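This report refers to the structure that appears directly beneath it.
Number of protein chains: 2
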Amino acid sequence: MSTTSCHCILLRRASRKVSSYYDEALAPLGVNIGQFSLLRNIRKLEPVSLTELAHRVELDRSTVGRNAKVLERMRLIAIGHGDDQREAMLTITPRGHEILDQGAPLWDGVQDQIEARLGPEKTEQLRELLAAL
Amino acid sequence: MSTTSCHCILLRRASRKVSSYYDEALAPLGVNIGQFSLLRNIRKLEPVSLTELAHRVELDRSTVGRNAKVLERMRLIAIGHGDDQREAMLTITPRGHEILDQGAPLWDGVQDQIEARLGPEKTEQLRELLAAL
DNA sequence: CATGATCGCGGGTATATACCCGTTTCTGAT
DNA sequence: ATCAGAAACGGGTATATACCCGCGATCATG
Numbered sequence: 001m002s003t004t005s006c007h008c009i010l011l012r013r014a015s016r017k018v019s020s021y022y023d024e025a026l027a028p029l030g031v032n033i034g035q036f037s038l039l040r041n042i043r044k045l046e047p048v049s050l051t052e053l054a055h056r057v058e059l060d061r062s063t064v065g066r067n068a069k070v071l072e073r074m075r076l077i078a079i080g081h082g083d084d085q086r087e088a089m090l091t092i093t094p095r096g097h098e099i100l101d102q103g104a105p106l107w108d109g110v111q112d113q114i115e116a117r118l119g120p121e122k123t124e125q126l127r128e129l130l131a132a133l
Numbered sequence: 134m135s136t137t138s139c140h141c142i143l144l145r146r147a148s149r150k151v152s153s154y155y156d157e158a159l160a161p162l163g164v165n166i167g168q169f170s171l172l173r174n175i176r177k178l179e180p181v182s183l184t185e186l187a188h189r190v191e192l193d194r195s196t197v198g199r200n201a202k203v204l205e206r207m208r209l210i211a212i213g214h215g216d217d218q219r220e221a222m223l224t225i226t227p228r229g230h231e232i233l234d235q236g237a238p239l240w241d242g243v244q245d246q247i248e249a250r251l252g253p254e255k256t257e258q259l260r261e262l263l264a265a266l
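As given, the protein sequences belong to chains A and B, one line each in that order. Following our numbering, the numbering of the first sequence begins with 1 at its first residue and continues without gaps. Following our numbering, the numbering of the second sequence begins with 134 at its first residue and continues without gaps.
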């Protein structure tokens, strides 16, 4: 039937495209949307272990570990130890808070732009559909 | 406002999730959905240069080049030369055709499953929304 | 309290993705 | 025919992502 359009490929394409919108907006701060979003999640859960964070963002733990290491190298988060010596606890650095503050309006801009293009109704549709997949 | 859900992150998450559905279905063949889809595109355009293929699938040329190299190593495609000595022309091998044939029903299964879950109306909505982004 | 099971991580490996740069090949204008 | 510019590609670098394996820490049970 619809041999021409695979839901998966359309999703991936849209995902890359939309990611690039956010990436461009955040570029002045030196972070991409994945990093910015991860930073937000860490702030929300801080202090948080890799495993818990991975669970929240629905990514593999090893992926989150590697992404976190990039943020650490950028001095945006600190990776320390919890009472449980196995756990790597993540916290936001002052520099990380700066990026979060400076990035917020940039992020809002892209978000608004997308919602304006779609309109409130389709925005809600999109949200529902993505959750239903 | 909706600080909790970034369109981009929701898209990326859905993209990973849906990709995994297709990946699981295609796993017996040893290819993932990205490879299978690329293979289909090559068949459709064969013989095709990296640049043209990249344009069709909306990926960076270097990305397509690297992905193609994986398919070549799997003996699913051949990378030869065109009249223009600069161009790398891609063609499907017999083994590649086998994978395409064997993968078709598996791919259809996932596609149908998703459409069944969403219903025809929402499936169409999704398609439109993704194209509108 | 000792020990086997479980948990949390790091690192290896592989693919996906993009950007940039250098090299080879073509093309078009002179 | 020549040569500047453009086009096509490969490879370097960096991040993103997942799976698997092994190691050290913790916990539960006998």
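The beta-carbon is built from N, C-alpha and C at its ideal position, and this holds for glycine as well. Every value quoted in this text rests on a predicted model; they were computed, and no experiment measured them.
Query: Residue-chain proximity (residue 116 (chain A), chain B), Cβ-Cβ < 8 Å; Result: no
Query: Collapsed DSSP secondary structure at residue 20 (chain A) in the structure displayed; Result: helix
Query: Span separating the alpha-carbon of residue 132 (chain A) from that of residue 184 (chain B); Result: 36 Å
Query: Near-chain B residues of the segment 10-40 of chain A - C-beta to any C-beta below 7 Å; Result: 10, 11, 12, 13, 14, 15, 17, 18, 19, 22, 33 and 37
Query: 4-residue-minimum alpha helix (DSSP H) runs that sit fully inside the segment 55-89 of chain A, ordered along the chain; Result: 61-73
Query: For residue 181 (chain B): DSSP bridge partner residues; Result: B:223
Query: Closest Cα partner of residue 40 (chain A) within the set A:96, A:19 and A:116; Result: A:96
Query: Residue from B:249, B:240, B:245 and B:251 whose Cα sits closest to the Cα of residue 159 (chain B); Result: B:240
Query: Contact under 8 Å by Cβ, residue 224 (chain B) with residue 213 (chain B); Result: yes
Query: Three or more C-beta pairs below 8 Å linking the segment 141-148 of chain B and the segment 4-19 of chain A; Result: yes
Query: Check: residue 18 (chain A) C-beta below 7 Å from any heavy atom of the ligand NAD; Result: Summarising the ligand content, the structure contains no ligands, and the ligand NAD is consequently not present.
Query: Within chain A, the residues that residue 138 (chain B) reaches when beta carbons sit closer than 8 Å; Result: 127
Query: Span of the alpha helix (DSSP H), counted from its first residue to its last, around residue 259 (chain B); Result: 253-265
Query: Beta carbon proximity, residue 255 (chain B) to chain A, threshold 8 Å; Result: yes
Query: CB contact flag (residue 189 (chain B), residue 204 (chain B), <8 Å); Result: no
Query: Cβ-Cβ separation, residue 140 (chain B) to residue 33 (chain A) (assumed contact under 8 Å), whole Å; Result: Not confirmed; about 10 Å, so no contact.
Query: Cβ of residue 72 (chain A) within 8 Å of any chain B Cβ; Result: no
Query: 8 Å contact criterion, which residue 232 (chain B) and residue 162 (chain B) should meet: CB distance rounded; Result: 5 Å
Query: Rounded separation between residue 155 (chain B) and residue 77 (chain A) - CA only; Result: 35 Å
Query: Straight-line Cα distance separating residue 215 (chain B) from residue 221 (chain B); Result: 7 Å
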